[in-house]
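Here is the structure:
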């Protein structure tokens with residue numbers, strides 16, 4: 063069973079999506095990449111700026127996904143189907 | 312065979328692979344939370360929503376608890392946690408020995424949860440006694456649970472009565488004003504949830520802080536590195552949680568099913584040893600090694616699925632602050648020569664006595 067996403071070959075046009083069905087609010091993504099995620103006052107975890115990932119945060123978004131216990135973070139490269 | 316079984320404790324299965332433990336945690340239809348601990352004997356079912364709840368009621372009962380445990384809410388508690396650690400370290404100044412579990416680890420979560428509940432932090436002593444009775448001493452004597460629950464309920468009844476007139480800025484007041492579908496929570500619901508908040512936050516974090524100190528006391532290279540590079544403490548905290556996950560919960564099998572080809576009997580329990588999942592080499596490379604700067608660490612110490620620990624952010628903050636303050640004060644420490652480290656028994660695992668020598672020695 064492979065739970066870790068594959069590291070990216072290099073910077074690309076990335077978007078991040080939280081899979082709502084899987085997310086349980088561990089908030090690891092918020093701790094690792096507060097530039098990309100937040101937990102709102104009701105306790106729901108959200109992507110910031112519609113999930114757009116600036117190129118300099120590609121590594122952080124990868125780490126956020128790799129540390130999510132629920133495997134709830136999907137990273138989509140431009141041109142790829144979500 | 313990846314699944315073990317015992318006839319003791321009214322029948323219990325023990326899976327050990329990440330995949331199996333995850334599958335159980337994700338399947339409340341077959342595996343109910345109405346019983347979450349194994350004991351030698353039946354006890355009347357007690358509700359502590361949402362940990363003992365199943366779908367569909369679980370969702371709303373959990374949702375009302377999320378706001379006080381968001382990262383922003385926990386950040387507001389950090390100054391109190393830090394001050395508390397300093398208050399505990401102050402009397403250790405100049406000493407050459409102490410007990411890392413008794414003098415430090417056990418005090419932090421009990422006092423902080425008392426603070427959050429709006430109760431005198433001195434009640435922490437009583438909290439710890441209740442917690443040890445119900446998690447350690449009751450495994451083979453269920454009558455202890457009934458006594459503790461009666462005492463805790465009476466304690467909270469009094470605290471609730473005190474808040475009926477004037478709302479405070481604490482978790483008890485918060486629950487008194489919480490609503491599900493516009494309705495206030497029943498007295499039993501509030502009392503059950505308060506029992507959960509009290510029990511879930513004390514010996515778990517106490518164990519996690521204690522085992523972190525034990526690791527550092529027995530691994531001088533890791534200790535020196537964390538003292539020199541406190542910025543990696545948050546990553547080390549995750550690794551301590553992975554390698555020494557303190558909690559093994561369980562589920563009651565309520566519908567016939569099988570796991571990894573093993574048929575499971577309805578009415579028996581199945582354990583969720585998250586610590587075993589966290590050392591599954593299929594998931595974690597070099598799983599048996601503690602790597603304090605492990606970058607990819609999707610460990611399951613706080614559980615998986617709908618019952619993931621609601622206090623995870625609180626526990627992480629307590630661990631980080633406790634280690635930052637301890638290492639700031641005592642960068643040099645070790646296990647006392649010939650020390651007898653006493654470990655807890657029961658579903659929560661951590662050192663209860665941890666004799667240390669302090670200073671370069």
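Residue numbers (the working numbering), protein chains in the order written: chain A, 63 to 144; chain B, 312 to 672.
Where a beta carbon is used, it is the ideal one built from N, C-alpha and C, also for glycine.
### Message
I'd like to check one pair, residue 625(B) with residue 467(B): are the Cβ atoms closer than 8 Å?
### Response
Sequence index remark: in the second chain, residue 467(B) carries index 156 (1-based). Sequence index remark: in the second chain, residue 625(B) carries index 314 (1-based). With contacts defined as CB atoms closer than 8 Å, residue 467(B) and residue 625(B) fail to qualify as a contacting pair.
### Query
For residue 316(B), which three-state DSSP category applies?
To locate residue 316(B), count along the second chain from 1; it is residue 5. Three-state result, residue 316(B): strand.
### Message
So, for residue 123(A): in the same chain, excluding its five sequence neighbours on each side, which residues have a beta-carbon less than 7 Å away from its beta-carbon?
### Response
Walking along the first chain from the start, residue 123(A) turns up at place 61. Closer than 7 Å at the Cβ level, and outside the excluded window around residue 123(A), lie 76, 78, 95, 98, 115 and 137.
### Query
Is the beta carbon of residue 550(B) less than 8 Å from the beta carbon of residue 329(B)?
Start at 1 with the first residue of the second chain, and residue 550(B) comes out as number 239. Start at 1 with the first residue of the second chain, and residue 329(B) comes out as number 18. Contact: no.
### Query
Can you name the residues of chain B whose CB is closer than 7 Å to the CB of residue 89(A)?
Counted from its first residue, the first chain places residue 89(A) at position 27. Correct list: 382 and 624.
### Task
Tell me where the beta strand (DSSP E) around residue 108(A) begins and ends.
As a working mapping, residue 108(A) is identified with position 46 in the first chain. Start and end: 107 to 109.
### Query
What does a CB cutoff of less than 8 Å around residue 109(A) pick up in its chain, not counting 5 residues either side in sequence?
Against the first chain, residue 109(A) aligns to sequence position 47. Excluding positions up to five away in sequence, the list reads 78, 79, 80, 98 and 99.
### Query
So residue 533(B) packs on residue 524(B), CB below 8 Å; how close in whole Å?
Your numbering for residue 533(B) matches position 222 in the second chain. Your numbering for residue 524(B) matches position 213 in the second chain. Not confirmed; about 12 Å, so no contact.
### Query
Okay, do the segment 454 to 472 of chain B and the segment 397 to 406 of chain B touch, 3+ Cβ pairs below 8 Å being the bar?
no
### Ordered list of alpha helix (DSSP H) runs contained in the segment 333 to 409 of chain B, each at least 4 residues
368 to 374 and 382 to 400
#### Entry: residue 564(B), enclosing beta strand (DSSP E) - first and last residue
Within the second chain, residue 564(B) is the residue found at index 253, counting from 1. Residue 564(B) -> beta strand (DSSP E) spans 559 to 564.
### Query
In terms of residues, what are the limits of the beta strand (DSSP E) holding residue 580(B)?
Reading the second chain from its first residue, position 269 is the one you call residue 580(B). First-last of the beta strand (DSSP E) with residue 580(B): 580 to 584.
### Message
Once DSSP output is grouped into helix, strand and coil, what is the label at residue 100(A)?
### Response
Sequence index remark: in the first chain, residue 100(A) carries index 38 (1-based). In the structure shown, residue 100(A) sits in a strand (DSSP, three-state: E or B).
### Near-chain A residues of the segment 538 to 550 of chain B - C-beta to any C-beta below 9 Å
545 and 549
### Query
Hey, how far is the Cα of residue 88(A) from the Cα of residue 130(A)?
Indexing the first chain from 1 puts residue 88(A) at position 26. Indexing the first chain from 1 puts residue 130(A) at position 68. Approximately 8 Å, taken between the alpha carbons.
### Task
Could you name the residues of the same chain whose beta carbon sits closer than 6 Å to that of residue 445(B), not counting the 5 residues immediately before and after it, in chain order?
Stepping through the second chain from its first residue, residue 445(B) is reached at position 134. If we look at residue 445(B) and ignore the five residues flanking it on each side, its Cβ neighbours are 456 and 459.
### Message
Contact criterion: CB-CB distance below 8 Å. Does residue 120(A) meet it with respect to chain B?
### Response
Counted from its first residue, the first chain places residue 120(A) at position 58. Cβ-Cβ to chain B under 8 Å: no for residue 120(A).
### Task
Pick helix, strand or coil for residue 555(B), following the three-state DSSP scheme.
Taking the second chain and counting its residues from 1, the one referred to as residue 555(B) is at position 244. Here residue 555(B) carries a coil assignment [DSSP, helix/strand/coil].
### Message
I want to see whether chain A comes within less than 8 Å of residue 641(B), judged by CB atoms only; does it?
### Response
Along the second chain, one-based indexing puts residue 641(B) at 330. Answer no: the Cβ-Cβ gap between residue 641(B) and chain A never drops below 8 Å.
#### Entry: Burial state of residue 451(B), where buried means 16 or more other Cβ atoms lie within 10 Å
The residue given as residue 451(B) occupies position 140 in the second chain. Classification for residue 451(B): exposed.
### chain A within 8 Å of residue 615(B), Cβ atoms only
Working through the second chain from its first residue, we reach residue 615(B) at position 304. Interface with chain A (8 Å Cβ-Cβ cutoff): residue 615(B) is included.
### Query
Between the beta-carbon of residue 516(B) and the beta-carbon of residue 629(B), is there less than 8 Å?
Walking along the second chain from the start, residue 516(B) turns up at place 205. Walking along the second chain from the start, residue 629(B) turns up at place 318. Going by C-beta atoms, residue 516(B) is nearer than 8 Å to residue 629(B).
### Query
Should the segment 481 to 494 of chain B be regarded as contacting the segment 346 to 356 of chain B, the criterion being three or more beta carbon pairs within less than 8 Å?
No, the segment 481 to 494 of chain B does not touch the segment 346 to 356 of chain B.
### Query
Is the segment 371 to 388 of chain B in contact with the segment 589 to 603 of chain B, if contact means three or more CB pairs nearer than 8 Å?
no
### beta-carbon residue 619(B) near the ligand GDP non-hydrogen atom, thresh 7 Å
Looking for the ligand GDP in the displayed structure turns up nothing, as the structure carries no ligands at all.
### Query
Taking 8 Å as the CB-CB cut-off, is residue 92(A) touching chain C?
Absent from the structure: chain C. Protein chains present are A and B.
### alpha helix (DSSP H) runs wholly inside the segment 608 to 632 of chain B, at least 4 long, in chain order
none
### Query
Taking three-plus beta-carbon pairs below 8 Å as touching, is the segment 637 to 644 of chain B in contact with the segment 550 to 561 of chain B?
no
### Message
Taking 8 Å as the threshold (beta carbon to beta carbon), is residue 129(A) in contact with chain B?
### Response
Walking along the first chain from the start, residue 129(A) turns up at place 67. Chain B contact via Cβ: present.
### Message
To the nearest angstrom, how far is the alpha carbon of residue 617(B) from that of residue 648(B)?
### Response
For the purposes of this step, residue 617(B) is taken as residue 306 along the second chain, with counting starting at 1. For the purposes of this step, residue 648(B) is taken as residue 337 along the second chain, with counting starting at 1. Answer to the nearest angstrom: the Cα atoms are 44 Å apart.
### Message
Just checking: is the beta-carbon of residue 606(B) within a distance shorter than 8 Å of some beta-carbon in chain A?
### Response
Position 295 of the second chain, counted from the start, is the residue given in the question as residue 606(B). True, the Cβ-Cβ gap to chain A drops below 8 Å.
### Message
So, for residue 364(B): in the same chain, excluding its five sequence neighbours on each side, which residues have a beta-carbon less than 7 Å away from its beta-carbon?
### Response
Here residue 364(B) refers to the residue found at position 53 of the second chain. Cβ within range, chain order: 344 and 372.
### Task
Could you tell me whether the Cβ atoms of residue 571(B) and residue 332(B) are closer together than 8 Å?
Position 260 of the second chain, counted from the start, is the residue given in the question as residue 571(B). Position 21 of the second chain, counted from the start, is the residue given in the question as residue 332(B). No. Outside cutoff.
### Query
Going by beta carbon distance, what residues of the same chain come within less than 7 Å of residue 397(B), once the five residues before and after it are set aside?
Counted from its first residue, the second chain places residue 397(B) at position 86. Closer than 7 Å at the Cβ level, and outside the excluded window around residue 397(B), lie 636.
### Message
Residues of chain B with CB closer than 8 Å to the CB of residue 103(A), please, in chain order.
### Response
Start at 1 with the first residue of the first chain, and residue 103(A) comes out as number 41. Ordered by position in chain B, the residues that pass the 8 Å Cβ test against residue 103(A) are 378, 381 and 383.
### Message
Does chain B have any CB closer than 8 Å to the CB of residue 108(A)?
### Response
Here residue 108(A) corresponds to residue number 46 of the first chain, with the count starting at 1. False, the Cβ-Cβ gap to chain B never drops below 8 Å.
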